[in-house]
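What follows is a single structure, written as structure tokens, with notes after it.
Residue numbers (my numbering): 2 to 237.
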């Protein structure tokens, strides 16, 4: 399938990228990255579950925009998707592209309706902007603004730390990607059997696993070896 660059916009300490005042639901100011990162990680899982390879371009320390673009370009990614949370006193979702008429617009027009309907948000449309991550990437690139940190109604900022919201944003974007490629979205099965225990005996040395054994005598041998070195051993 495709190679897709997923970009969790900004970083944990990017100046100004946070709610302007404490969110009552959380009792504190919420940073934009506290939404961006978990939503992007959920998107990564969704895309990989559908067979795509994901290139992660962001980081907690807010890597430069040029380095994000370079990482996507070097990986020869087929698509670039950047995830953000908006500000400016509005509400709803919007998806940005750098120019009309190309595959980026086609992708955006598949993703935007899915973002609108997953929580029945206001449709602010597909918009054009000269953002660097859209301009300097060599593949179709979109930037999704998934809500407003300063929604005057006080609604959308209350979703920023909601794990269900992170998941539904990811599902919405993945549905758009699948539609762009003319492929179905496959819902995650709730009936998949839980993994069975392997009944292996695990040996940890100073908190780090160093072996897993089917036979007790082999586990004991490993324990004796490390005990002689005066290390802390755990076997279970």
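Positions of the beta carbon are idealized from the N, C-alpha and C atoms, including for glycine. None of the values given here were measured: they were computed from a predicted structure.
Which class does residue i belong to by DSSP, given the choice of helix, strand or coil?
i           : result
residue 194 : Annotation note: pLDDT 49 at residue 194 (below 50); position unreliable, coordinate value reported separately. If DSSP states are grouped into helix, strand and coil, residue 194 belongs with coil.
residue 65  : coil
residue 142 : strand
residue 14  : coil
residue 8   : strand
residue 72  : helix
residue 21  : coil
For residue i, report the span of its alpha helix (DSSP H) as first-last.
i           : result
residue 174 : 164-181
residue 117 : 104-119
residue 189 : First-last for residue 189: undefined, no H or E at that position.
residue 46  : 34-50
What are the boundary residues of the beta strand (DSSP E) that includes residue i?
i           : result
residue 129 : 124-129
residue 134 : Run containing residue 134: none in the beta strand (DSSP E); it sits in the alpha helix (DSSP H), 133-136.
residue 54  : 54-57
residue 85  : 80-87
residue 96  : 94-98
Use the C-beta contact count for residue i: other C-beta atoms within 10 angstroms, 16 or more gives buried, fewer gives exposed.
i           : result
residue 39  : buried
residue 83  : buried
residue 173 : buried
residue 152 : buried
residue 194 : No answer about residue 194 holds up, because its pLDDT of 49 lies below 50 and its placement is not dependable.
residue 14  : exposed
residue 139 : exposed
residue 169 : buried
residue 189 : exposed
residue 19  : buried
residue 210 : exposed
residue 75  : exposed
residue 77  : exposed
residue 196 : Only weak support is given to the placement of residue 196: the predicted model assigns it a pLDDT of 45, under 50, and the question is left unresolved by the model.
Out of the options, point me to the one whose CA is closest to residue i's CA.
i           : options               : result
residue 89  : 3, 158 and 132        : 158
residue 55  : 12, 96, 2 and 30      : 2
residue 121 : 14, 71 and 94         : 94
residue 134 : 110, 27 and 105       : 105
residue 58  : 118, 97, 171 and 11   : 11
residue 155 : 30, 136, 42 and 17    : 30
residue 49  : 210, 176 and 136      : 176
residue 171 : 139, 70, 85 and 13    : 85
residue 44  : 191, 102 and 186      : 186
residue 123 : 148, 181, 74 and 47   : 148
residue 27  : 114, 163, 178 and 100 : 163
residue 47  : 203, 183, 178 and 212 : 178
residue 96  : 116, 75, 78 and 150   : 116
residue 53  : 35, 81 and 33         : 81
residue 100 : 41, 137 and 125       : 137
residue 113 : 77, 71, 160 and 180   : 180
residue 118 : 72, 166 and 150       : 166
residue 160 : 5, 77, 36 and 9       : 36
residue 91  : 150, 184, 34 and 79   : 150
residue 111 : 25, 184 and 16        : 184
Q.
Could you check whether the stretch 121-130 touches the stretch 54-66, counting it as contact only if at least three pairs of C-beta atoms, one from each stretch, sit closer than 8 Å?
A. Not touching, per the Cβ criterion.
Next on the checklist: Under 8 Å, with one C-beta from each stretch per pair, do the stretch 96-114 and the stretch 133-149 reach the 3-pair mark?
Outcome noted: yes
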